[in-house]
Amino acid sequence: EASRTNLDESAMPPPPPQGVKRKAGQINPEPVMPPQQVEQMEILPVELPPEEPPNICQKKRGEKMMEERRWKKRTQQMLHALAKTGAESISLLELCQNTNRKQAAAKFYSFLVLKKQQAIELTQELYSNIIATPGPKFHIL
Numbered sequence: 017e018a019s020r021t022n023l024d025e026s027a028m029p030p031p032p033p034q035g036v037k038r039k040a041g042q043i044n045p046e047p048v049m050p051p052q053q054v055e056q057m058e059i060l061p062v063e064l065p066p067e068e069p070p071n072i073c074q075k076k077r078g079e080k081m082m083e084e085r086r087w088k089k090r091t092q093q094m095l096h097a098l099a100k101t102g103a104e105s106i107s108l109l110e111l112c113q114n115t116n117r118k119q120a121a122a123k124f125y126s127f128l129v130l131k132k133q134q135a136i137e138l139t140q141e142l143y144s145n146i147i148a149t150p151g152p153k154f155h156i157l
């Protein structure tokens, strides 16, 4: 057969048997176990690492409480400062003058916390300044 070209089998492997699919770049198909053999395989127990001790949960809870305490202190300071001014209303924009982004974000968050606690009322026109006025629980908290 002079018309047939000789190909190296590693470059062009022979076609797989009927019904067996081959992955790209794979020379020999993976052997498949018969279902009876799979059922007979022994399942070995797996050792799991010990569970995290409760101290980690307590540590996370403690960190969360510390953060809440810090925010509570910050919002109390904000409420005290608002009460101290004696103004009927205060603008967040005025409050945030000469502050960096982090400080402005903290003041905005304090406004939201005080609003949630009904210590202040917040009003804002579309895309304009946020104005805080005393709320129902302003003098109680």
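Each position in the sequence shown, counted from 1, maps to that position plus 16 in the working numbering. Idealized CB from N, CA, C, for every residue including glycine.
{"Check": "Nearest to residue 145 (by Cα), restricted to the options 106, 80 and 75", "Outcome": "106"}
{"Check": "Whole-angstrom distance between residue 127 and residue 121, CA atom to CA atom", "Outcome": "10 Å"}
{"Check": "Whole beta strand (DSSP E) elements within the segment 67 to 144, 3-residue minimum", "Outcome": "136 to 140"}
{"Check": "Nonlocal neighbours in the same chain, by C-beta distance under 7 Å from residue 150, ignoring five residues either side", "Outcome": "136"}
{"Check": "Residue 150 in three-state terms, based on DSSP", "Outcome": "strand"}
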